[in-house]
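One structure is given below, encoded as structure tokens.
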Amino acid sequence: MQARPRGGESVFGLNFAKFVENGLAKFEDPIAHYLPESLVEGLHIFKGKEYSSDIQLTHLLSNTSGLPDFFEDKPKRHKLFLRENLDQSSRFWTPEETIEWSKEHLLPRFPPGARLSLYRHRLQFTRADH
Numbered sequence: 100m101q102a103r104p105r106g107g108e109s110v111f112g113l114n115f116a117k118f119v120e121n122g123l124a125k126f127e128d129p130i131a132h133y134l135p136e137s138l139v140e141g142l143h144i145f146k147g148k149e150y151s152s153d154i155q156l157t158h159l160l161s162n163t164s165g166l167p168d169f170f171e172d173k174p175k176r177h178k179l180f181l182r183e184n185l186d187q188s189s190r191f192w193t194p195e196e197t198i199e200w201s202k203e204h205l206l207p208r209f210p211p212g213a214r215l216s217l218y219r220h221r222l223q224f225t226r227a228d229h
């Protein structure tokens with residue numbers, strides 16, 4: 100099974116490539132260069148090791164960050180994010196709130212860049228789409 104990029108992911112990837120072409124960013128840049136420390140800290144703790152500062156922009160673009168999918172992954176002791184959204188339909192979730200919810204309720208799948216993944220990470224596009 101091959102993952103097909105969604106429209107938003109393709110547009111984001113093309114726009115990001117223009118940033119790289121214009122020298123505004125590098126694929127190898129850590130996400131910590133672009134996000135507040137409060138969002139990055141504790142974002143990716145896998146098997147007791149903190150990998151948050153190791154996540155590069157290229158990991159987000161290639162779905163190899165290991166970050167969970169906040170929309171589809173099932174939390175251990177909490178309802179699905181989708182259910183939470185439906186239950187609070189009048190609430191607007193900011194990208195920061197969505198990331199904090201994911202940090203609190205979901206676990207990363209693997210270390211950043213550890214393997215090629217067909218697993219989609221909506222979390223990585225949350226901040227960029229804002």
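Its first residue numbered 100, the sequence shown is counted upward by one per residue in this note's numbering.
Glycine included, every Cβ here is placed at the ideal spot set by N, Cα and C.
What is the DSSP secondary structure of residue i, reduced to helix, strand or coil?
i, result
"F69", "The structure shown has nothing for residue 69, since the chain only spans 100 to 229."
"P194", "helix"
Using the C-alpha atoms, what's the distance from residue j back to residue i?
i, j, result
"D128", "W192", "27 Å"
"E195", "G112", "21 Å"
"R59", "E199", "Given that the chain is displayed from residue 100 to residue 229, the structure contains no residue 59 and the question cannot be resolved."
"S137", "E203", "13 Å"
"E142", "N162", "Before going on, a small fix: residue 142 reads as Leu here, not Glu. When rounded, the distance between both Cα atoms is 15 Å."
"Q187", "T197", "13 Å"
"L134", "L123", "15 Å"
"R110", "A213", "In the sequence on display, residue 110 carries Val and not Arg. C-alpha separation (whole angstroms): 25 Å."
"S201", "N121", "32 Å"
Below 7 Å CB to CB, which residues in the same chain sit around residue i once its five sequence neighbours on both sides are set aside?
i, result
"L206", "P167"
"P210", "F145, Y150 and G165"
"I154", "P129, I130, H143, S164 and P211"
"L179", "K173"
In chain order, what residues of the same chain lie with their CB nearer than 8 Å to the CB of residue i, ignoring the 5 residues before and after it?
i, result
"K125", "V119 and L156"
"S152", "P129, A131 and V139"
Throw me the rounded Cβ distance for the residue i and residue j pair, which I believe falls under 8 Å.
i, j, result
"L185", "F170", "With a Cβ gap of about 12 Å, L185 and F170 do not count as contacting."
By Cβ distance, which residues of its chain are closer than 6 Å to residue i, with the 5 residues on each side in sequence left out?
i, result
"E140", "none"
Check your understanding: Quick one: any contact between the region 143 to 154 and the region 107 to 126, if contact means 3 or more CB pairs under 8 Å?
Key -> no
Review point. Do the region 128 to 138 and the region 168 to 182 meet, that is, are 3 or more Cβ pairs less than 8 Å apart?
Key: no
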